[in-house]
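Every position in the sequence shown, counted from 1, becomes a number in our numbering once 34 is added.
Positions of the beta carbon are idealized from the N, C-alpha and C atoms, including for glycine.
The block underneath contains the structure these notes are about, expressed in structure tokens.
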Amino acid sequence: MSTLGQYNRFFFSVHLLDIAVSSKALRTILKSVTHNGKQLCLTIGLLTIIVYLYTVIAFNFFKQFYNKSEEGGDPEWKCHDMLTCFQFHLYAGVRAGGGIGDELEDPSGDDNEFFRIVFDISFFFFVVVILLAIIQGLIIDAFGELRDQQEQVREDMETKCFICTIGNDYFDQTPHGFDTHTEEEHNLANYMFFLMYLINKDETEFTGQETYVWRQYQERCWEFFPAGDCFRKQYENELA
């Protein structure tokens, strides 16, 4: 982008997205839009189809409400062909708070007044009330789900051992038990250093245990972590 910015300064503005990338909270907001991407795209597709169906009805039966003009002025060509009519419904109808009826003239006194009322209300109900609400709901639900996941991860990191997943309520039966366990027995840094040691070591020099851990690591299998087990539990089992 910096290279393209030498030709057009517009591309320099893209660097502002670094603010969103560097902020964890903003990344969550952006991810909430793409989290339910498939459902969101399908809902938008359904919205487009519904709007097109209303466009067909409007083009064939209510065209007179779209292409009216002021006295002595040029007519407003909002629906003189299907493409223009569809663009008008998709742009103005979806954005309008009350649906497409807000963008058209009052049908009072017209022969098709009743049908126009049904047309306007049904457009408002199906497009604005239901489909747009579903789209907003998908984004809001995704944001809430991601936020809950982050809160759960933060809580687990604070109250559970990362290596064995045993909670602090078990270790804190003795003073500073959890802190001692996570700093001395199951220190995450020690496991990371061991993996880095294996990565930099020649495979022909591995011991039996190192070979086992290395194969597990290459398969992204973490069974070599003592999940649900620790020295204290082993000691208690031996005493029992």
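At which residues does the alpha helix (DSSP H) containing residue i begin and terminate?
i	result
CYS119	116-122
ILE151	147-157
LEU165	It is not in any alpha helix (DSSP H) - LEU165 carries neither H nor E in the DSSP assignment.
PHE212	211-214
Under 8 Å, do residue i and residue j count as touching if we go by C-beta distance?
i	j	result
PHE148	TYR88	no
ARG129	PHE96	no
SER57	ALA176	no
PHE259	ILE200	no
TYR86	PHE120	yes
LYS112	TYR100	yes
LEU232	TRP256	no
LEU165	THR77	yes
LEU229	TYR246	no
LEU172	GLN73	yes
With a threshold of 7 Å on Cβ separation, who are the neighbours of residue i within its own chain once the five nearest residues in sequence on each side are excluded?
i	result
ASP133	Looking at the sequence shown, residue 133 is not Asp but Gly. Excluding positions up to five away in sequence, the list reads GLY127, ASP154, PHE157, PHE158, VAL161 and VAL162.
CYS195	HIS215, THR216 and HIS220
ARG181	THR62
ASP115	none
Look up residue i in the DSSP assignment and give the residues it is bridged to.
i	result
LYS194	GLY201
DSSP three-state label for residue i, please.
i	result
ASN234	helix
LEU60	helix
TRP248	helix
LYS112	coil
ASN224	helix
TYR86	helix
PHE95	helix
ALA275	Because residue 275 is not part of the residues shown, which for the chain are 35 to 274, the question remains open.
LEU138	coil
GLN183	helix
ASN70	coil
TYR125	helix
GLN268	helix
GLY79	helix
ASP175	helix
PHE240	coil
ARG254	coil
ALA3	The chain is shown only over 35 to 274; residue 3 falls outside these bounds and no answer can be derived.
ASP144	coil
ASP52	helix
Under 6 Å Cβ to Cβ from residue i, same chain only, skipping five residues before and after it: list those, please.
i	result
ASP211	In the sequence under discussion, the amino acid at residue 211 is Gly, which differs from the Asp named in the question. Closer than 6 Å at Cβ, skipping near neighbours: PHE205.
PRO141	GLU147 and ARG150
Is there at least one Cβ from chain C nearer than 8 Å to residue i's Cβ?
i	result
GLN186	Considering every chain present, this structure includes no chain C. It has just one protein chain.
Excluding the 5 residues flanking residue i on each side, which residues of the same chain have their C-beta closer than 8 Å to its C-beta?
i	result
PRO209	none
CYS264	CYS195, CYS198, ILE200, HIS215, GLU219 and HIS220
ASN146	PHE95 and PHE96
THR82	LEU124
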